[in-house]
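Colleague: For the record, the sequence lines run as chains S and A. Heads up: the first sequence begins at 1 in the working numbering, then just goes up one per residue. Heads up: the second sequence begins at 1 in the working numbering, then just goes up one per residue.
There are 2 protein chains.
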Amino acid sequence: MEAGHKMALYLVVMAGGRGERFWPLSTSNLPKPFIPLLGSNSLLQATVARMQPLVPLERILISIGKEHEEVARQQLPQVPAENFIIEPMGRDTSACLGFCAIHVEQRDPDGALLALPADHYIGSGDTYLKTIRKGIDNLEGATAVVFGITPTRAETGYGYIQAEKPAVPADAWPVIRFIEKPDAPTAERYVASGSYFWNSGMFLWNNRTLLDLFRKFMPETHKGLCAMRPLLGRSDGEGQLREIFESLPRISIDYGIMEKSSGLRLIPAEFVWDDIGNWASLARALDPDAQGNIAQGSHVALDSNGCILYAQSGTIATFGVSDLVVVQAYGKVLVCSRDKAADLKRLVTALGPQAG
Amino acid sequence: MEAGHKMALYLVVMAGGRGERFWPLSTSNLPKPFIPLLGSNSLLQATVARMQPLVPLERILISIGKEHEEVARQQLPQVPAENFIIEPMGRDTSACLGFCAIHVEQRDPDGALLALPADHYIGSGDTYLKTIRKGIDNLEGATAVVFGITPTRAETGYGYIQAEKPAVPADAWPVIRFIEKPDAPTAERYVASGSYFWNSGMFLWNNRTLLDLFRKFMPETHKGLCAMRPLLGRSDGEGQLREIFESLPRISIDYGIMEKSSGLRLIPAEFVWDDIGNWASLARALDPDAQGNIAQGSHVALDSNGCILYAQSGTIATFGVSDLVVVQAYGKVLVCSRDKAADLKRLVTALGPQAG
Numbered sequence: 001m002e003a004g005h006k007m008a009l010y011l012v013v014m015a016g017g018r019g020e021r022f023w024p025l026s027t028s029n030l031p032k033p034f035i036p037l038l039g040s041n042s043l044l045q046a047t048v049a050r051m052q053p054l055v056p057l058e059r060i061l062i063s064i065g066k067e068h069e070e071v072a073r074q075q076l077p078q079v080p081a082e083n084f085i086i087e088p089m090g091r092d093t094s095a096c097l098g099f100c101a102i103h104v105e106q107r108d109p110d111g112a113l114l115a116l117p118a119d120h121y122i123g124s125g126d127t128y129l130k131t132i133r134k135g136i137d138n139l140e141g142a143t144a145v146v147f148g149i150t151p152t153r154a155e156t157g158y159g160y161i162q163a164e165k166p167a168v169p170a171d172a173w174p175v176i177r178f179i180e181k182p183d184a185p186t187a188e189r190y191v192a193s194g195s196y197f198w199n200s201g202m203f204l205w206n207n208r209t210l211l212d213l214f215r216k217f218m219p220e221t222h223k224g225l226c227a228m229r230p231l232l233g234r235s236d237g238e239g240q241l242r243e244i245f246e247s248l249p250r251i252s253i254d255y256g257i258m259e260k261s262s263g264l265r266l267i268p269a270e271f272v273w274d275d276i277g278n279w280a281s282l283a284r285a286l287d288p289d290a291q292g293n294i295a296q297g298s299h300v301a302l303d304s305n306g307c308i309l310y311a312q313s314g315t316i317a318t319f320g321v322s323d324l325v326v327v328q329a330y331g332k333v334l335v336c337s338r339d340k341a342a343d344l345k346r347l348v349t350a351l352g353p354q355a356g
Numbered sequence: 001m002e003a004g005h006k007m008a009l010y011l012v013v014m015a016g017g018r019g020e021r022f023w024p025l026s027t028s029n030l031p032k033p034f035i036p037l038l039g040s041n042s043l044l045q046a047t048v049a050r051m052q053p054l055v056p057l058e059r060i061l062i063s064i065g066k067e068h069e070e071v072a073r074q075q076l077p078q079v080p081a082e083n084f085i086i087e088p089m090g091r092d093t094s095a096c097l098g099f100c101a102i103h104v105e106q107r108d109p110d111g112a113l114l115a116l117p118a119d120h121y122i123g124s125g126d127t128y129l130k131t132i133r134k135g136i137d138n139l140e141g142a143t144a145v146v147f148g149i150t151p152t153r154a155e156t157g158y159g160y161i162q163a164e165k166p167a168v169p170a171d172a173w174p175v176i177r178f179i180e181k182p183d184a185p186t187a188e189r190y191v192a193s194g195s196y197f198w199n200s201g202m203f204l205w206n207n208r209t210l211l212d213l214f215r216k217f218m219p220e221t222h223k224g225l226c227a228m229r230p231l232l233g234r235s236d237g238e239g240q241l242r243e244i245f246e247s248l249p250r251i252s253i254d255y256g257i258m259e260k261s262s263g264l265r266l267i268p269a270e271f272v273w274d275d276i277g278n279w280a281s282l283a284r285a286l287d288p289d290a291q292g293n294i295a296q297g298s299h300v301a302l303d304s305n306g307c308i309l310y311a312q313s314g315t316i317a318t319f320g321v322s323d324l325v326v327v328q329a330y331g332k333v334l335v336c337s338r339d340k341a342a343d344l345k346r347l348v349t350a351l352g353p354q355a356g
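#1: From which residue to which residue does the beta strand (DSSP E) around A:Gln52 run?
#2: Can you tell me where the beta strand (DSSP E) with S:Phe197 in it begins and where it stops?
#3: Among residues of its own chain, excluding the 5 on either side of A:Tyr190, which ones have a beta-carbon nearer than 6 angstroms to its beta-carbon?
#4: Kindly indicate which residue of A:Arg177, A:Thr143, A:Thr186 has the alpha-carbon position closest to the one of A:Thr156.
#5: I think A:Ala15 touches A:Ser63, with their Cβ atoms under 8 angstroms apart; what is that distance to the nearest whole Å?
#6: Jot down the residue ranges of each uninterrupted beta strand (DSSP E) in the stretch 107–152 of chain S, minimum 3 residues, whole runs only, in chain order.
#7: Do we get a CB-CB distance below 9 angstroms when we pair A:Asp303 with the residues of chain S?
#8: Threshold first: 4 residues or longer. Then list the alpha helix (DSSP H) segments lying entirely within the stretch 310–347 of chain A, N to C.
#9: Against A:Gln354, what residues of chain S qualify as contacts under a CB-to-CB distance less than 7 angstroms, listed in chain order?
#10: DSSP state of S:Leu44, grouped into three classes?
#11: Please classify S:Trp173: does DSSP put it in a helix, a strand, or coil?
#12: Just to make sure I have the definition right: I need the residues of chain S whose C-beta is within less than 9 angstroms of the C-beta of A:Phe358. Which are they?
#13: So with CB distances below 9 angstroms, who are the chain S contacts of A:Gln328?
#14: Can you tell me the Cα-Cα spacing of A:Ile176 and A:Ala163, whole angstroms?
#15: Sorted by chain position, which residues of the same chain lie with C-beta nearer than 8 angstroms to S:Leu248's C-beta, five sequence neighbours on each side aside?
#16: Could you tell me if S:Gly239 is buried or exposed, where buried requires 16 or more neighbouring beta carbons within 10 angstroms of its beta carbon?
#17: Please report how far the alpha carbon of S:Ser262 lies from the alpha carbon of S:Met218, in whole angstroms.
#18: 9 angstroms is my cut-off, CB to CB: does A:Pro230 come that close to chain S?
#19: Exposed or buried, A:Arg59, counting other C-beta atoms within 10 Å across all chains shown (16 or more means buried)?
#20: Would DSSP call A:Ile62 helix, strand or coil?
#21: Which class does S:Trp279 belong to by DSSP, given the choice of helix, strand or coil?
#22: List the whole-angstrom C-beta distance separating S:Gly123 from S:Trp273, where the pair is believed to meet the contact cut-off of C-beta under 8 angstroms.
#23: Against chain S, does A:Trp273 count as a neighbour if the rule is that its beta carbon must be under 9 angstroms from one of theirs?
#24: Could you tell me the distance, in whole angstroms, from the CA atom of S:Glu87 to the CA atom of S:Pro24?
#25: Measuring CA to CA, which of A:Ala170, A:Gly201, A:Ala154, A:Leu210 is closest to A:Asp183?
#26: Does the distance from the C-beta atom of A:Gly148 to that of A:Pro268 stay below 9 angstroms?
#27: Does DSSP put A:Leu97 in a helix, a strand or coil?
#28: For chain B, find out if any of its Cβ atoms is closer than 9 angstroms to the Cβ of S:Pro182; answer yes or no.
#29: Take A:Arg250 and list the residues in its own chain whose beta-carbon comes closer than 7 angstroms to its own, dropping the five residues that flank it on each side.
#30: May I ask you to list the residues that DSSP assigns as paired with A:Tyr160?
#31: Does the CB of A:Ala311 have a neighbour CB from chain S at under 9 angstroms?
#32: Going by beta-carbon coordinates alone, are S:Tyr10 and S:Val48 separated by less than 9 angstroms?
#33: Between A:Pro288 and chain S, is any beta-carbon pair separated by less than 9 angstroms?
#34: Does the stretch 102–117 of chain S come into contact with the stretch 201–220 of chain S, if we say contact requires no fewer than three beta-carbon pairs (one atom in each stretch) closer than 8 angstroms?
#35: Compute the beta-carbon to beta-carbon distance between A:Thr143 and A:Leu264, rounded to the nearest angstrom, for a pair I have assumed lies under 8 angstroms.
#36: Between S:Ser337, S:Ile35, S:Asn29, which lies nearest to S:Gln312 when the distance is taken from Cα to Cα?
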């Protein structure tokens, strides 16, 4: 426990992701982490703010794609300029975290790396930090610590992690296995069992261990990382970095490393968590009015219920409608039935260049 | 017939009206006649353009409220500046037409006055002009000519005019009576009978006869008109004009004069006509797509049907919705069920200052 506290903790905030499911507020130019979905702060800003009590700014790294560097720097002026880790292109979370790991290694070979996605809703900051602290306290002797969300519904859109309840009550549970998105009856069973958790995508490693895992389970990526090491921070290294990065396999860290690793520990998380996969998910993260409407921005909802309204600017007025998503952003208006929100990509495809 | 043609015809386009039922495109600052509801032209512009083959611009008068003078002049640069008849305030159609009548009298004591509302949809320009010409040809010897629309549905939102079918086929039918908005069974009977017509609000008088009708049926207004006569065109007369105008009773020309007049002739109108009372009425004036959606402006309607979409700027995208009115204008968005469109004033009231 003491050792865990002595080890310097580096936070890697992963701000990747697509924009289709939050059109028109979010676009490929401005994916989900960068939009103020739940208030005045973007999810990225909220993620950093939430962790600041635990990690000093100089050890908060922001992993982003080249195309989002400008907006990320604008949104996080407090983060030191050299802490933005710019990916030449997207190669999924394994490449993202391997690239971050060699940056952390350069600063502190003995550091720990906490990876947090930047596009989730977290309900309670205090409980959240307590849970992260439990993870840090349980890292020593583990291959990695994962954070598992106690499921509150039979969600078929998330991955699950099965863990073993300790005989003697303890903060950390041994991980049994990672599970891809289940079907509905299976998800029902998982929720009932008490030993299945939602995979939050939040992971903690000793950074050296993480690089060892790359060597063991993703040797091709590890080779690339080794080749990139001497290029970091060199102004003439960009072209080579790009070339190597491009060659890395597009594989998630879950699939490439976590599912294959033994010795993982899971911290059951007691905070409210949601991946807010689409506009309809906002209903789980924001409080409804008496008619069950969820709203952000200026609006009037008359004889309307169950609607999700988001006005980036101007005003939305609804009258005599139910269960709609209405969004106004950048001069564009979306009106979508709530049950189609998960399928919004189809609309964005139909819009083509009009999607902006 | 020849006499009718010799009499100089003055057109009065009445561009009054409220804005609530076309919020947010229309507002009290920009009522229905001034908005481009059916294309790139406003209804006012379309009304003037439609009549230009029949009436030279120097005899086209535009009757508007003081508050809409600027926008009216902007929209009709071809109309001579002195042809805008500015009402100091709204006092319904009797005051409006009486005020116009003394203007026409000043220019030509022997002129005829054709009054047309500026906020109607007219389906066919050719048939329309033919119908107006029939009216002109039948004015001599009539107290007034009214244009009656052959009803195509049992509309309860319009006034009706009963006329007598001539024994020998003729263009003009003697008017029997004016009827206020009927209930549904009555309207059904009217449509079936063949001798009831929608009151289009389009009237034609010998201007001198019109002033006589004021003297006879609205002596108070007539007295006001006589007092205003010497003030017209005087730069120092504005205050007095305003004072007199304010004292005029708020009564429609239908109620104040037409219903009481005998010797009226009705021209059955064969053109498509609609008063476009609210957003839902657009469905009668514009062609739907294969899914029954009506749209103006940039839009994509995916898995959507029966919707009315109006994008003043930007783009509206609908997905998986039915029978909605969606309007984007001036940064405001309206999403309303079609069957609530006639009641939009309630929403505008609820919006209060947010309605803009």
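Note that the Cβ used here is the ideal one computed from N, Cα and C, for glycine as well. Owing to the predicted nature of the structure, the values given are computational and were not obtained by experimental measurement.
Modeller: Taking the structure as given:
#1: A:Gln52 -> no beta strand (DSSP E), and no H or E assigned at all.
#2: 196–206
#3: Tyr160, Tyr196
#4: A:Thr186
#5: 7 angstroms
#6: 112–117, 144–149
#7: yes
#8: none
#9: Ser298, Val300, Thr315
#10: helix
#11: strand
#12: There is simply no residue 358 of chain A to check, as chain A begins at 1 and stops at 356 in what is shown.
#13: Gly314, Gln328, Gly331, Lys332, Val333
#14: 5 angstroms
#15: Arg91, Ser94, Ala95, Gly98, Glu220, Thr221, Gly224
#16: exposed
#17: 15 angstroms
#18: no
#19: buried
#20: strand
#21: helix
#22: 7 angstroms
#23: no
#24: 25 angstroms
#25: A:Ala154
#26: yes
#27: helix
#28: Checking the listed chains, one finds no chain B in this structure; the protein chains it contains are S and A.
#29: Arg91, Asp92
#30: A:Ile179, A:Trp198
#31: yes
#32: no
#33: no
#34: yes
#35: 5 angstroms
#36: S:Ile35
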